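For the record, the sequence lines run as chains A and B. Numbering-wise, this note's numbering puts 88 at position 88 of the first sequence, and it's gapless, one number per residue. Numbering-wise, this note's numbering puts 157 at position 157 of the second sequence, and it's gapless, one number per residue.
Protein chains: 2
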Amino acid sequence: MTIRTTMEADEASLAGAVAIRIRDMLIAGEFEPGQKLSEHRVAADFAVSRNTLREAFRFLTSQRLLSYIPNRGVFVTVPDEAAIIDIYRVRAVIQRGAVEAASRGHPAFARMRALVEEGRELGARRDWQKVGTNNMEFHRAMVGLCDSPRLSASFDLVLAELRLAFGQLKDTAHLHEPYIDLNHTLLRALETGDRPASVTALDAYLRQSERGVLGALQHRKAAEPVKSPSTPA
Amino acid sequence: MTIRTTMEADEASLAGAVAIRIRDMLIAGEFEPGQKLSEHRVAADFAVSRNTLREAFRFLTSQRLLSYIPNRGVFVTVPDEAAIIDIYRVRAVIQRGAVEAASRGHPAFARMRALVEEGRELGARRDWQKVGTNNMEFHRAMVGLCDSPRLSASFDLVLAELRLAFGQLKDTAHLHEPYIDLNHTLLRALETGDRPASVTALDAYLRQSERGVLGALQHRKAAEPVKSPSTPA
DNA sequence: TAAAAAATATTGTTCAACAATGTTGATTCT
DNA sequence: AGAATCAACATTGTTGAACAATATTTTTTA
Chain A
1 MTIRTTMEAD EASLAGAVAI RIRDMLIAGE FEPGQKLSEH RVAADFAVSR
51 NTLREAFRFL TSQRLLSYIP NRGVFVTVPD EAAIIDIYRV RAVIQRGAVE
101 AASRGHPAFA RMRALVEEGR ELGARRDWQK VGTNNMEFHR AMVGLCDSPR
151 LSASFDLVLA ELRLAFGQLK DTAHLHEPYI DLNHTLLRAL ETGDRPASVT
201 ALDAYLRQSE RGVLGALQHR KAAEPVKSPS TPA
Chain B
1 MTIRTTMEAD EASLAGAVAI RIRDMLIAGE FEPGQKLSEH RVAADFAVSR
51 NTLREAFRFL TSQRLLSYIP NRGVFVTVPD EAAIIDIYRV RAVIQRGAVE
101 AASRGHPAFA RMRALVEEGR ELGARRDWQK VGTNNMEFHR AMVGLCDSPR
151 LSASFDLVLA ELRLAFGQLK DTAHLHEPYI DLNHTLLRAL ETGDRPASVT
201 ALDAYLRQSE RGVLGALQHR KAAEPVKSPS TPA
């Protein structure tokens, strides 16, 4: 009886489940950037029909994780510099909105606090993979301050895209390390209701994060030579 | 060779074309709120196969224009009060971002100016239908100040949802009339680079617009009695 | 009349087919 | 050899039929 507005791909249907599995693989970097996903092959791999797979493809295309070229097929999106810059523009706008919306004692703070704690531990254990996920979760929680399902959905979208980009990078090991402290600073500013300090902390985080991604983007895994278009994004 | 990142439903494929046609019908209010769309019937109406139609349905569901209940089918979304409030929250955040991003001599200003002019004429001719569309276009153009395809896409999404809500209302005739002047005021403030005045004008517009929609929402067309769930949004 | 059960309709998914478009490779011509 | 041509092949685009699983409606029964 659950109603699906489908911002979260519904795992109820096969197509939705497949979409989620492919999305997770994309985010985990298990495909080459720009790689073509053949309907026949992928359908066989996931043991679903082409029709069902095409529904999943359409969904992931609408999420910008896959790029679709009519009559040619579907390719793993390769976020380029412009995409990264745009994504951080979206983040700046939405997360500034979150700063504005932040109200004392908002439930999101508890979660953010917990995530900062967890982030510290993960950092101490040098589990950078999980630190990255933790970092994302922290900022997702922050957008929760807006109490807006639609803003959260939009944010999730660009975040997924960003994770796709991350999955295509190498040497992302320590990339997340500095954010543990930046997030803590940001949280403190938010909790004390200090708007200017919050904006400053947010901007610091976003600027450094964007610089990090753009820097790492230079040495990306190579895409298949000719099989995939140069800029399918 | 055109690459589809699919924020605009690609008219290239049949499914995309059908999705656009259905979306336009939804926005035009040609379906009852909450109406169930039978796969068999709609597929026959549009002369496409069920498989193709399902792709279109999935797309429109991801745009929140249709609501999907597993094993029960697809229904015309009925934006409720919470949805409207949320939509205006998104607008506030994004359009405030546009105010921040506004830079002297930005190309978007030309379009906004043209739209204000057109809006005046349409208002003089009392073509409220077109005044409504013109108003939407004005604010779309305003978001163009961000130069962010992703923000524009997110904005288009909530705008489509808002138009869906409008399509389900009656007596929306004069609803758009006051916005002609409010938009003009907003544009003047933006062009002169007066941020505070811009924010004030924006808030005035958003508040009045939201109030108007919420007010009209009270006397909505009735939805099919039991056929559709009470709150498929 | 209300509950139970059977009949019917709808969605979920697959499969096979074929047209249309793209890709590849061989052949030819310069 | 290198470029252009054209046939062979593979892939996507779309359909229609089929069948299982789930809802809905109708009929039967208590």
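Ideal Cβ positions, reconstructed from N, Cα and C, are used throughout, including at glycine. Quick caveat: nothing in here was measured; it's all calculated off a predicted structure.
- Closest option to R188/B, judged by alpha-carbon separation, among F109/B, R64/B, A15/B and V78/B: F109/B.
- Straight across, the Cα-Cα distance linking N134/A with D86/B is about 27 Å.
- For V158/B, the three-state secondary structure derived from DSSP is helix.
- Taking the CA atoms as reference points, Q168/A sits about 8 Å from I27/A.
- Here DSSP, grouped into helix, strand and coil, assigns R163/A to helix.
- Residues of the region 48–62 of chain A that bring their beta carbon within less than 8 Å of a beta carbon in chain B comprise N51, R54, E55, R58, F59, T61 and S62, in sequence order.
- Nearest CB-CB separation between L14/B and chain A: not below the 8 Å threshold.
- S154/A has a beta carbon lying within less than 8 Å of a beta carbon in chain B.
- From the listed residues R91/A, I180/A, I22/A and F138/A, the smallest Cα separation to E121/A is found for I180/A.
- Across the structure, L182/A and E55/B are spaced so that their CA atoms are roughly 43 Å apart.
- Excluding its 5 nearest sequence neighbours in each direction, M25/A has C-beta neighbours in its own chain below 8 Å: F31, listed in chain order.
- Taken through DSSP and simplified to helix, strand or coil, G73/A comes out as strand.
- Fewer than three beta-carbon pairs drawn from the region 35–51 of chain A and the region 29–47 of chain B are found closer than 8 Å, and the two stretches are therefore not classed as touching.
- Of all residues in the region 26–39 of chain A, none places a beta-carbon less than 8 Å from a beta-carbon of chain B.
- Note: S13/B is not bridge-paired with any residue in the DSSP secondary-structure output.
- The contact set of I94/A on chain B, defined by CB atoms closer than 7 Å, consists of V93 in chain order.
- When DSSP states are grouped into helix, strand and coil, K170/B belongs to the coil group.
- Secondary structure of S38/A (DSSP, three-state): coil.
- Secondary structure note for F138/A: its alpha helix (DSSP H) is the uninterrupted segment W128 to V143.
- Taken atom to atom, the span from the alpha-carbon of L157/B to that of R163/B is near 10 Å.
- Chain A places no beta carbon closer than 8 Å to that of R111/B, leaving this residue out of the contacts.
- Annotation: Cβ neighbours of S148/B in chain A (cutoff 7 Å, chain order): D86, R89 and V90.
- For R220/A, the secondary structure class from DSSP, reduced to helix, strand or coil, is strand.
- Flagged as an interface residue toward chain B: G97/A, by a C-beta distance shorter than 8 Å.
- For L53/B, the CB contacts under 8 Å within the same chain, skipping 5 residues up- and downstream, are A15, V18, E39, V42, A43 and F46 in chain order.
- Between T185/B and A165/B, the CB-CB gap reaches or exceeds 8 Å.
- Note on S103/A: under 16 other CB atoms within 10 angstroms of its CB, so exposed under the neighbour-count rule.
- By the neighbour-count criterion, in which 16 or more other beta carbons inside 10 Å mark a residue as buried, H139/A falls on the buried side.
- Taking 8 Å as the cut-off, the Cβ atoms of L175/B and A124/B do not count as close.
- Of the other Cβ atoms in all chains shown, 16 or more fall within 10 Å of the Cβ of T77/A; this residue is therefore buried.
- Under the three-state reduction of DSSP, S103/B is assigned to coil, being neither helix nor strand.
- In the three-state reduction of the DSSP assignment, L65/A falls in the coil class.
- Interface annotation for the region 155–177 of chain A against chain B: V158, criterion Cβ-Cβ distance under 7 Å.
- Rounded to the nearest angstrom, the Cβ distance from V74/B to L115/B is 34 Å, too far for a contact under 8 Å.
- The Cβ atoms of G144/A and S154/A do not sit closer than 8 Å to each other.
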